[in-house]
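To start, the structure under review is shown below, and the notes come after it.
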Amino acid sequence: MVRKTLEITGAHPRTDTIDEQPLLLTADQASALLGKSARWIYRQVAAGRLPARRFGRTVLFSRIELLQWAAGERNGRYLPPASRNAARAAE
């Protein structure tokens, strides 16, 4: 199996392949990935602009969704997949 190396700002120095990178990130890991402060991350989540998952009081971030968001694939207010489908149906 061929492993492709990712060159992503904030990637963990010991885990630089797709198979070894965590799928869910903490706010500190997300801030390192995006080059922003943890405070900025939490403010964007509270405003609904950044994709996040809540597990009780814990907030986790999907690495894939953050990279898509950073690449500009998600414009404006973040909508979870179920909400996007409902918004499209209403149009």
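According to this note's numbering, numbering within the sequence shown proceeds without interruption in unit steps and concludes at 97. Note that CB positions come from ideal geometry on N, CA and C, so glycine has one too.
Comparing C-alpha positions only, which one of the options sits nearest to residue i?
i, options, result
"Arg59", "Glu26, Pro28, Gln27, Thr32", "Thr32"
"Leu66", "Ala76, Ile47, Ala77", "Ile47"
"Leu30", "Gly78, Leu72, Gln50", "Leu72"
"Trp44", "Asp34, Val51, Ala52, Arg55", "Residue identity differs from the one stated: residue 44 is Ala in this sequence, not Trp. The option with the nearest alpha carbon to Ala44 is Asp34."
"Gly78", "Arg49, Arg55, Glu26", "Arg55"
Quick check on residue i: buried or exposed, where buried means 16 or more other Cβ atoms within 10 Å of its Cβ?
i, result
"Ile126", "Nothing about residue 126 can be reported from this structure: the residues present for the chain run from 7 to 97 only."
"Ala36", "buried"
"Pro28", "exposed"
Opposite residue i in the DSSP bridges: which residues?
i, result
"Leu66", "Arg59"
"Leu4", "Outside the displayed range of the chain (7 to 97) lies residue 4, so it cannot be described from this structure."
Let's see if you can read the secondary structure: which residues bound the alpha helix (DSSP H) around residue i?
i, result
"Ser37", "33–40"
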